[in-house]
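What the sequence shown shows, in our numbering, is residues 1 to 466, in sequence order.
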Amino acid sequence: MVFSSLTFVCVFLPVTFLLYHVIPTVKCRNILLIIASLIFYAYGEPVYVLLMIVSTICNYIFGLMMETEKKKAVLAAAVIVNLSLLGIFKYTDMLLMTLNRIGGLDLAPARIKLPIGISFYTFQAMSYVIDVYRGTVKAQRSCWKVLLYISFFPQLIAGPIVKYHDIERQITERYVDAQRVAWGFRRFIVGLSKKVLISNVMAVAADTVFALELSQINICSAWLGAAAYMLQIYYDFSGYSDMAVGLGHMFGFTFMENFKYPYVSVTIKDFWRRWHISLSTWFKEYLYIPLGGNRKGTVRTRVNKIIVFFCTGLWHGADWTFVVWGLYHGIFLLLEDVLPIRKLPKWLGHIYTLVVVCAGFVLFRADTIGQGMGIIFRMFAGWNFSADCMNETLRLCTPLFLFILPVGIIAAVPWKERLAVCMEKTGKRLGAKELAASYLGAGVLLILCMLNLSGGTYNPFIYFRF
1 MVFSSLTFVC VFLPVTFLLY HVIPTVKCRN ILLIIASLIF YAYGEPVYVL LMIVSTICNY
61 IFGLMMETEK KKAVLAAAVI VNLSLLGIFK YTDMLLMTLN RIGGLDLAPA RIKLPIGISF
121 YTFQAMSYVI DVYRGTVKAQ RSCWKVLLYI SFFPQLIAGP IVKYHDIERQ ITERYVDAQR
181 VAWGFRRFIV GLSKKVLISN VMAVAADTVF ALELSQINIC SAWLGAAAYM LQIYYDFSGY
241 SDMAVGLGHM FGFTFMENFK YPYVSVTIKD FWRRWHISLS TWFKEYLYIP LGGNRKGTVR
301 TRVNKIIVFF CTGLWHGADW TFVVWGLYHG IFLLLEDVLP IRKLPKWLGH IYTLVVVCAG
361 FVLFRADTIG QGMGIIFRMF AGWNFSADCM NETLRLCTPL FLFILPVGII AAVPWKERLA
421 VCMEKTGKRL GAKELAASYL GAGVLLILCM LNLSGGTYNP FIYFRF
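Quick look at the structure:
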């Protein structure tokens, strides 16, 4: 359990922020951020903060050991230790259940509770060790700085995955001014609004559909549920990423963008350039390229892509539904290499991508592969308009849902960027009035979020469980 959003916004963040800006030196500020991050992570689950600290110490030692002549062995040990920790806490039950199904065994589940954010901070720790091995960065002599890098609370539990070579200098050299703080706070509010005002509303509709029996779902409710989840997961995850980027700015850090309007993509390859960018670039740098990338022939390239997407699916969750989702995307990526999909008219490529992604997210959300396939079937062949099915469809169409649905669709398009391009062509720039209006709008959004959160309708971020 982590802080509720209301406690975080009203207590934890203001106290940490004020103390940070009272303290004069970077060294002391780093100590404050470490303490705050450990408190943030340990709230409600203090035992798992020890696991993160142990992981940090191990990787700090591995980094120092890279200066020996046996650095390949050290790297192998580091990868084994990190993946073993992740595997034990995240995949033990998946392995046991798979053995039961395949071998007809009756092994009892271990029921090991999943530490929040372990997939994120494990990948960050591995990126540090691998960067040191490659000589991209030098081994960090201060264990405290490695701990700050791995535990920094804005992106600790749901990303974006920050690679060490991107943030190394910022740990010791960074600045904060009023403009950066204002921009960061506004970005934080935008992210919070995505989660509270859009994602949570879509979650109600999506949860309703996925809780139904397949016989109660027709083409209408199937598409409504799939579209609702598609918007829910985007605004949930991109909202958290916006909050992390904004908070980073408020404390002097610059994190990479994790989303670039993925729902305007015209191919699946384009989608993965825009969706969860920190994860896709991590796999590219630390798995795909080391496997040989596209340098060892067509067959090897395709095998490498399948391996990457298998791992991408498995990273997301300890269930075969996630693996199937990853392989599903990998197959479409391979199809785009051999079929002229990239030559389709832009509008048709856009429709193709949205349909593929939407159906894929049904598998991602489903409790079982069978349920996912059943809902996908009804998205395209659910011609059952009985009173029972239509009542379930109408039950989804609340006034709030019907209002937020088009808002979510419109907000997923980069209107702001397009407007900026048009203004640049005409020689116009945003003036003080427009800037003031944007901050006023952010203030209104914050008030709406506070009112919503005070009602006690908080839903945890989806990626907290990864």
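Glycine is no exception: its CB is placed at the ideal position from the N, C-alpha and C atoms.
Around the C-beta of I57, fewer than 16 other C-beta atoms lie within 10 Å, and the residue is accordingly described as exposed. Here the region 149–160 makes contact with the region 117–125; the two share three or more CB pairs at distances below 8 Å. Cβ-Cβ distances below 7 Å link L19 to L32 in the same chain, with the five nearest sequence neighbours on each side left out; the list follows chain order. In this structure, L114 keeps its C-beta atom at 8 Å or more from the C-beta atom of L107.
For K346, the enclosing alpha helix (DSSP H) covers residues 346–365.
According to the DSSP assignment, T312 belongs to the alpha helix (DSSP H) that extends over 298–316. For H276, there is no enclosing alpha helix (DSSP H), as DSSP marks it with neither H nor E.
Around the beta-carbon of R342, fewer than 16 other beta-carbon atoms lie within 10 Å, marking it exposed.
With a beta-carbon spacing of about 5 Å, G117 and L156 fall inside the 8 Å limit used to define contacts. One Cα belongs to K145, the other to I112, and the distance between them is close to 30 Å.
Each residue's CA atom was taken as its position, placing T7 and N294 some 48 Å apart.
Inter-residue distance for F309 and G330 is about 5 Å (C-alpha atoms, whole angstroms). In the three-state scheme derived from DSSP, where H, G and I count as helix and E and B as strand, K195 is classed as helix.
Counting other Cβ atoms within 10 Å of its Cβ, H276 reaches 16 or more and is therefore classed as buried.
Taking one beta carbon from each stretch, the region 315–322 and the region 223–231 have fewer than 3 pairs nearer than 8 Å; the two do not touch. Uninterrupted alpha helix (DSSP H) stretches at least 4 residues long and entirely within the region 103–134 occur at 118–134, given in chain order. Under a 10 Å Cβ-count criterion, A158 is classified as buried, with 16 or more other Cβ atoms of the shown protein chains found around its own Cβ.
A206 counts as buried, since no fewer than 16 other beta carbons sit within 10 angstroms of its beta carbon. With 16 or more other Cβ atoms inside 10 Å of its own Cβ, R29 counts as buried. Judged by DSSP in its simplified three-state form, T281 adopts helix.
Judged by DSSP in its simplified three-state form, L339 adopts coil rather than helix or strand.
In the same chain as I34, and ignoring 5 residues on each side of it, the C-beta atoms closer than 8 Å to its own belong to W144, L147, L148, S151, in chain order.
Here the C-alpha atom of Y48 lies approximately 10 Å from the C-alpha atom of V54. DSSP places E168 in the uninterrupted alpha helix (DSSP H) bounded by 164–172. Q140 is not a Cβ neighbour of F253, given a cutoff of 8 Å. Assignment of Q140 by DSSP, reduced to helix, strand and coil, places it in the coil class.
Rounded to whole angstroms, the separation of the alpha carbons of S238 and L291 is 29 Å.
In the same chain as F361, and ignoring 5 residues on each side of it, the C-beta atoms closer than 6 Å to its own belong to Y229, M230, in chain order. If you draw a straight line from the Cα of W320 to the Cα of K27, it is about 45 Å long. In the three-state reduction of the DSSP assignment, E417 falls in the helix class. Of the residues T25, V356, N391, P340, the one whose Cα lies closest to the Cα of E173 is T25. The three-state secondary structure of R180, taken from DSSP, is helix. In the DSSP assignment, M66 falls outside any alpha helix (DSSP H) and carries neither an H nor an E. Non-local C-beta neighbours of V209 in its own chain, meaning closer than 6 Å and more than five positions away in sequence, comprise S221, G225, ordered along the chain. Distance from the Cα of I130 is smallest, within the candidate group L192, V176, E67, for E67.
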